[in-house]
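Undergrad: Position one of the sequence shown corresponds to residue 905 (our numbering), numbered consecutively onward. The beta-carbon is built from N, C-alpha and C at its ideal position, and this holds for glycine as well. What you are looking at is a predicted structure, and each value in this text was computed from that prediction instead of being measured. Here it is, the structure, as structure tokens.
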Amino acid sequence: MDKIQLYEEIFRRKSVRKYNLRPLSNDVLAEIREFSESAKPLDNSIRYEFSFLHTADVSKLLSVKAPHYICFYSEKKGNYLMNAGFILQQVNLYLSARGLGSCWLGMAKPLKQKTVMKNDMEFVIMLAFGNANEPLHRTNPLEFRRKSLAAISSSSFDFLEPVRLAPSAVNSQPWFFSENKDEIVVSREKLNALKAPLYGRVNQIDIGIAVCHLWLSLEHRNKSILFDFTEAPVPDGYEFMAKVKIGSK
Ligand SMILES: Cc1cc2nc3c(=O)[nH]c(=O)nc-3n(C[C@H](O)[C@H](O)[C@H](O)COP(=O)(O)O)c2cc1C
């Protein structure tokens, strides 16, 4: 599946929470694995792996019941949470494009005796997926409940609309985009002491998801994109996450 198909999926994807629990065929699962392995990372230096689990392998508490779950494991290093969001969002869009439902699960865990660690890597997050038992796609862009472009950016960049539509934990949309010289600066809302322990981790995954949509949006406009993680000034109340340099192809 190419980047254009993933880009187009941004405008109709949604979280699916009701599933037909019949497992998908091995052939379909093999294709999903193959796509996942081929997804582009945000940071090539971070090791990561996937693991595919079934309904019985995931704690029932706080999770959506689905026939399959894709778990993301990562070396705990640098921007590994953003990297997880960037990679798994490609899988989220891919599943939607091939007619399967999926839902990010920020609280669910693999059952302890199974796989909380894998090859020294930490479990980061999972996506539930399978055949949907509810409408799979949005049919109207007005169905997206999202902040306005003005609320997430200090400049009127035309390529931010697909980024605005990105999913986030509890739909918090913690991202902000500003300009610094010829670069876009991506920052994240600072959390108060009450919210930080709850959302500090998933909000970094959210930023990776938004940056994935930004990458697909710029690819769609035939622009090249270079990520840089050296700090730049950010607006009050936000913390620095990434800089993005845009060029022509
Ligand atoms: C990192 C992350 C964690 C999430 N965790 C959960 C979860 O534990 N349970 C759930 O039902 N939805 C979860 N969601 C789904 C969000 O609630 C959903 O993406 C958001 O409300 C926007 O809706 P949409 O995905 O339908 O566009 C999560 C989303 C993200 C990005």
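#1: Please return the same chain residues whose Cβ sits closer than 6 Å to the Cβ of Pro1066, not counting the five positions on each side in sequence.
#2: In whole angstroms, what separates the C-alpha of Trp1119 from that of Asn1035?
#3: His1041 by DSSP, collapsed to three states: which one?
#4: What residues in its chain sit with their C-beta under 6 Å from that of Ser919, if we drop five residues either side in the sequence?
#5: With DSSP collapsed to three states, give me the class of Ile1056.
#6: For Ala960, count neighbouring C-beta atoms within 10 Å of its own C-beta (all shown protein chains included) and say buried if the count is 16 or more, exposed if not.
#7: Going along the chain, which unbroken runs of the beta strand (DSSP E) with 3 or more residues stay wholly within the segment 958-1002?
#8: Less than 8 Å between the beta carbons of Asn1107 and Ala1073, yes or no?
#9: Taking contact to mean 3 or more Cβ pairs, one atom from each stretch, closer than 8 Å, check whether the segment 1053-1063 and the segment 1026-1043 are in contact.
#10: Any residue with its C-beta under 5 Å from a non-hydrogen atom of ligand 1 counts. Can you list them all in chain order?
#11: Looking at C-alpha atoms only, which residue of Phe939, Asn924, Leu925 is the closest neighbour of Asp931?
TA: Short version:
#1: By 1-based counting over the sequence shown, the position of residue 1066 is 162. Short of 6 Å from the beta carbon of Pro1066, and not among the five residues preceding or following it, lie these beta carbons of its own chain, in chain order: Ile914, His1117, Ser1121.
#2: Position 215 of the sequence shown holds residue 1119. Position 131 of the sequence shown holds residue 1035. Between the C-alpha atoms of Trp1119 and Asn1035 there is a straight-line separation of about 28 Å.
#3: Numbered from 1 along the sequence shown, position 137 holds the residue referred to as residue 1041. Three-state DSSP puts His1041 in coil, outside helix and strand.
#4: Taking the first residue of the sequence shown as 1, we reach residue 919 at position 15. Non-local C-beta neighbours of Ser919 in its own chain, meaning closer than 6 Å and more than five positions away in sequence, comprise Cys1007, ordered along the chain.
#5: Here residue 1056 corresponds to residue number 152 of the sequence shown, with the count starting at 1. If DSSP states are grouped into helix, strand and coil, Ile1056 belongs with the helices.
#6: Residue 960 sits at position 56 when you count from the first residue of the sequence shown. Result: exposed.
#7: For the segment 958-1002, whole beta strand (DSSP E) runs of length 3 or above, ordered along the chain, are 972-978.
#8: Counting from 1 along the sequence shown, the entry for residue 1107 is found at position 203. Counting from 1 along the sequence shown, the entry for residue 1073 is found at position 169. Yes, they are a contact pair.
#9: Too few Cβ pairs lie closer than 8 Å, so no.
#10: Each of Lys918, Ser919, Trp1008, Leu1009, Gly1010, Met1011, Pro1071, Ser1072, Ala1073, Asn1075, Val1106, Ile1109 has a C-beta closer than 5 Å to some heavy atom of ligand 1; these make up the full list, in chain order.
#11: Here residue 931 refers to the residue found at position 27 of the sequence shown. Measuring from the Cα of Asp931, the nearest candidate turns out to be Phe939.
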